[in-house]
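Mapped onto the numbering used here, the consecutive letters of the sequence shown carry residue numbers 122 to 252. Positions of the beta carbon are idealized from the N, C-alpha and C atoms, including for glycine. Below is one structure, written out as structure tokens; the observations come after it.
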Amino acid sequence: MLFYAWFSYSPIYAYGQSKLANILHANELSRQFKVEKVELTANSLHPGGIATSLLRHHSFLEGVVDWVGKYFLKTIPQGAATTCYVALHPQVKGVSGEYFVDSNKAKPSSLAKDSEFAKKLWDFSLGMVAP
Numbered sequence: 122m123l124f125y126a127w128f129s130y131s132p133i134y135a136y137g138q139s140k141l142a143n144i145l146h147a148n149e150l151s152r153q154f155k156v157e158k159v160e161l162t163a164n165s166l167h168p169g170g171i172a173t174s175l176l177r178h179h180s181f182l183e184g185v186v187d188w189v190g191k192y193f194l195k196t197i198p199q200g201a202a203t204t205c206y207v208a209l210h211p212q213v214k215g216v217s218g219e220y221f222v223d224s225n226k227a228k229p230s231s232l233a234k235d236s237e238f239a240k241k242l243w244d245f246s247l248g249m250v251a252p
């Protein structure tokens with residue numbers, strides 16, 4: 122398995138892996154669009170820390186995050202800004218295979234830019250959903 126770990130399950134680690142997988146899939150999709158000469162784009166982004174109800178089932182944590190978060194977290198509209206920018210702004214038209222943070226191109230981790238790893242994840246995913 123691609124993301125095998127020798128320790129017990131960690132929700133935070135699993136969340137991070139899912140975000141890495143999103144970036145890798147977008148990069149591989151972008152690569153495939155270019156190879157097939159498909160005029161579509163695929164990018165990835167980090168919307169930032171957003172004040173949501175994600176911790177609603179953890180009352181203590183939710184209380185702490187709500188209190189501290191109002192000073193450090195984005196509102197939902199602020200968090201949506203980068204997504205809207207990447208999807209709709211004319212400056213991003215034709216841009217593909219990039220990673221954005223706060224409506225700007227950013228540099229993801231080296232693992233997120235590993236094209237061989239992206240292809241392996243893509244092939245693994247196809248195997249999981251193939252009939």
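Inset, instruction - Would you give the residue range spanned by the beta strand (DSSP E) that Leu166 belongs to? - result: 165 to 167
Legend entry - Buried versus exposed, by CB contacts within 10 Å (16 or more), Asn148: buried
Legend entry - Three-state class that DSSP yields for Lys241 in the structure shown: helix
Inset, instruction - Figure out for me which residue from Ser131, Gln138, Ala202 has the closest Cα to the Cα of Asp223. - result: Ala202
Inset, instruction - Note down the Cα distance separating Lys294 from Ala142, rounded to an integer number of angstroms. - result: Residue 294 lies beyond the residue range present for the chain, which begins at 122 and ends at 252; the question has no answer from this structure.
Legend entry - Endpoints, beta strand (DSSP E) assigned at Lys226: 225 to 227
Inset, instruction - Counting only the same chain and skipping the five closest in sequence on each side, list residues whose C-beta sits under 6 Å from that of Leu150. - result: Ala163
Legend entry - Cutoff 7 Å; reference Gly200; Cβ partners in own chain excluding five residues on either side: Pro168, Gly169, Ile171
Legend entry - Rounded Cβ spacing between His146 and Leu242 (contact assumed at less than 8 Å): 7 Å
Inset, instruction - Give the DSSP bridge partners of Ile171, in chain order. - result: Lys195
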